[in-house]
Amino acid sequence: MEIGYSIFFAALAAAAGAIVGTTLIAMFEHQGRAALVRQTAIAVIVALAIAVAPGLISGFEVYSDLQQWISWIGITSLLSLGIAGSSVYTAKSAPARVQKYMDIVARVVPFALKNFDDIDYDDDQIISMKDLDRALMQKAFSGAETQALLQFMRKNIHEIGHDVGSYHAGGPSSGTTVTVSVINKADIESYAAKTAQKYSAWRQVDAS
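At position 163 of the sequence shown the residue is numbered 162 (numbering that gives the first Met the number 0), and the sequence of numbers has no breaks.
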């Protein structure tokens with residue numbers, strides 16, 4: 000039973016490390032390659048600090064104790080590996096991910112402007128999440144490319160559009176506040192320029 004708990008917590012630590020490592024990179028990847036190098040270095044330093052913490056706390060002889068590896072040292076080591084490994088992977092894959100994002104933005108803008116009235120089912124001059132959900136079900140938008148563009152708009156509605164309010168979801172003590180965003184034509188027209196500005200560090204690197 001003890002080994003089972005150790006395996007469970009070790010897997011949990013590795014997953015938590017992966018989340019931390021990915022987040023440390025993803026939050027700053029729009030700032031360009033220099034930011035990736037900086038954040039990866041920070042993630043590796045954090046990972047090393049976690050890895051040596053047991054030795055600093057209890058003495059480095061604990062690393063030769065198998066029982067300690069089965070328990071907390073193994074868990075901290077997997078947490079450390081999760082942070083370091085996921086940060087390196089996320090940083091390495093960032094250029095392709097950014098390029099893919101920029102490419103789809105270039106396709107979304109003309110698509111959304113051309114099909115705005117068809118997506119805006121209730122003719123209120125804004126595209127809501129409900130409008131996008133309905134458009135995804137329509138035969139006119141059943142093609143793979145149009146589905147991908149609509150899904151992108153749905154996923155990034157907060158980035159493309161603007162906030163109009165919020166509501167509380169869940170119980171009174173354990174719920175969360177959900178922000179409601181919509182997209183109008185002005186949002187779409189400015190989206191490409193807004194995205195180019197956000198990722199300007201990447202364009203500067205490419206230009207050089």
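Using N, Cα and C, we set each Cβ at its ideal position, and we do this for glycine too.
{"Asked": "For residue 164, the residue or residues it bridges with in DSSP", "Found": "179"}
{"Asked": "Three-way DSSP call (helix, strand, coil) for residue 125 in this model", "Found": "coil"}
{"Asked": "Same chain only: Cβ atoms within 7 Å of residue 45, ignoring 5 sequence neighbours per side", "Found": "82"}
{"Asked": "Residue 77 to residue 23 span [Cα, whole Å]", "Found": "17 Å"}
{"Asked": "Cα-Cα separation between residue 132 and residue 156, rounded to whole angstroms", "Found": "12 Å"}
{"Asked": "Euclidean distance between Cα positions of residue 32 and residue 41", "Found": "14 Å"}
{"Asked": "Close-in-space but distant-in-sequence residues of the same chain around residue 120 (CB under 7 Å, 5 per side omitted)", "Found": "130 and 133"}
{"Asked": "Helix, strand or coil at residue 152 [DSSP, three-state]", "Found": "helix"}
{"Asked": "N- and C-terminal bounds of the alpha helix (DSSP H) containing residue 100", "Found": "73 to 113"}
{"Asked": "Which listed residue (116, 52 and 84) has its alpha carbon closest to that of residue 19", "Found": "84"}
{"Asked": "The alpha helix (DSSP H) enclosing residue 189, as first and last residue numbers", "Found": "184 to 197"}
{"Asked": "Same chain, Cβ closer than 6 Å to residue 163, neighbours up to 5 away in sequence not counted", "Found": "179 and 181"}
{"Asked": "Extent of the continuous alpha helix (DSSP H) run through residue 36", "Found": "32 to 57"}
{"Asked": "Same chain, Cβ closer than 7 Å to residue 27, neighbours up to 5 away in sequence not counted", "Found": "34 and 38"}
{"Asked": "Alpha-carbon to alpha-carbon, residue 154 and residue 104", "Found": "13 Å"}
{"Asked": "Whole-Å CB distance - residue 111 paired with residue 187, under 8 Å assumed", "Found": "5 Å"}
{"Asked": "Three-state class that DSSP yields for residue 63 in the structure shown", "Found": "helix"}
{"Asked": "Residue 118 beta carbon less than 8 Å from that of residue 183", "Found": "no"}
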